[in-house]
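Residue numbers (the numbering used here): 259 to 573.
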């Protein structure tokens, strides 16, 4: 495990490094408080830290306060090293955010034991975080396809429309339905049908954009219900949406699906629209009704095609 040693005294720092390396730790060193903060807040930085109380730039308690103010960072277990022994000083350090403290010069056996305690606490923290994230994922994602579930994709659509309204950027919506899906279930069984749903979901995800470097203009895919999928395309205007819809349709048609020992040709029908202006007087239900009507037209006119809601004079 990686550990940060922050001490402005080069000899003390080097001695601590050697002792920790002998115990199997990967040591990162810093000679002042600001460099220590930089190391601890770097992505993938150390999760254990031995911090000297007295350092240039930032002392130990000030460093602790900075680290604890960053709520988006993984938890760092901090042990303060100090020659101060008064109860008041200990309280100051712990209230600043230190997890433990040791009086210098410290006993190597005691230090190792306290680091093992920190290691156990971090492992427990990681398990709790993983369990929380798993619960959050299950609460918002479809269990079969791992896409956003209906409630989550509807919430995302609402948020995206409001964002588009504020930024005056377009947003496009696609409703996709697997053609003849009932026949797949009837002929090959529901397990085969589940396999098709999972593969369709995977291909949809490969056909859309993830969020860019600054967290803008990503697309979202959700399982709307049964064999229907809702796709939200951020910053996608009327000049782009037909080709984007064709790309999604072709991603399903172009390669057969392997189901049991058979190869199946699967297609989807798609209804779509682009919203260039949105205000609170409009309803999301009305928007989806228009897209659903376009989808119905795509199904009734031969399937495996894309139909814009605008072509039906519904918007």
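We put the beta carbon where it would ideally sit given N, CA and C, even for glycine. All of these numbers come straight from a predicted model, not from anything done at the bench.
(request) At 3 residues or longer, and completely inside the segment 416–462: list those beta strand (DSSP E) runs for me, N to C. (result) Here the runs fully enclosed are 429–436.
(message) Classify residue 301: buried if its beta carbon has 16 or more other beta carbons within 10 angstroms, exposed otherwise.
(response) exposed
(request) Work out the CA separation of residue 504 and residue 553 for me, nearest whole Å. (result) 14 Å
(request) In the DSSP assignment, find the unbroken beta strand (DSSP E) run with residue 516 in it and report its ends. (result) Counting along the chain, the unbroken beta strand (DSSP E) around residue 516 starts and ends at 515–517.
(request) Given a cut-off of 7 Å, decide if residue 491 and residue 477 are closer than it, judged by their beta-carbon atoms. (result) yes
(request) Identify which residue in 282, 304 and 281 has its Cα closest to the Cα of residue 263. (result) 304
(request) Entirely within the segment 473–531 and at least 3 residues each: give me those beta strand (DSSP E) ranges in chain order. (result) 477–483, 486–492, 515–517 and 520–522
(request) Report buried or exposed for residue 395, applying the criterion of at least 16 other Cβ atoms within 10 angstroms of its Cβ. (result) exposed
(message) Less than 7 Å between the C-beta atoms of residue 410 and residue 398, yes or no?
(response) Result yes, Cβ atoms of residue 410 and residue 398 sit closer than 7 Å.
(request) Pick helix, strand or coil for residue 470, following the three-state DSSP scheme. (result) Bear in mind that the predicted position of residue 470 carries a pLDDT of just 48, short of 50, making it unreliable; the figure below should be weighed with that in mind. Three-state result, residue 470: coil.
(message) Measuring only the C-alpha atoms, how far is residue 531 from residue 544?
(response) Residue 531 and residue 544: Cα-Cα distance of roughly 12 Å.
(message) Going by DSSP, what residue range makes up the beta strand (DSSP E) through residue 310?
(response) From DSSP, the beta strand (DSSP E) with residue 310 extends over 306–310.
(message) Considering just the uninterrupted stretch of the alpha helix (DSSP H) at residue 319, what are its terminal residues?
(response) 318–326
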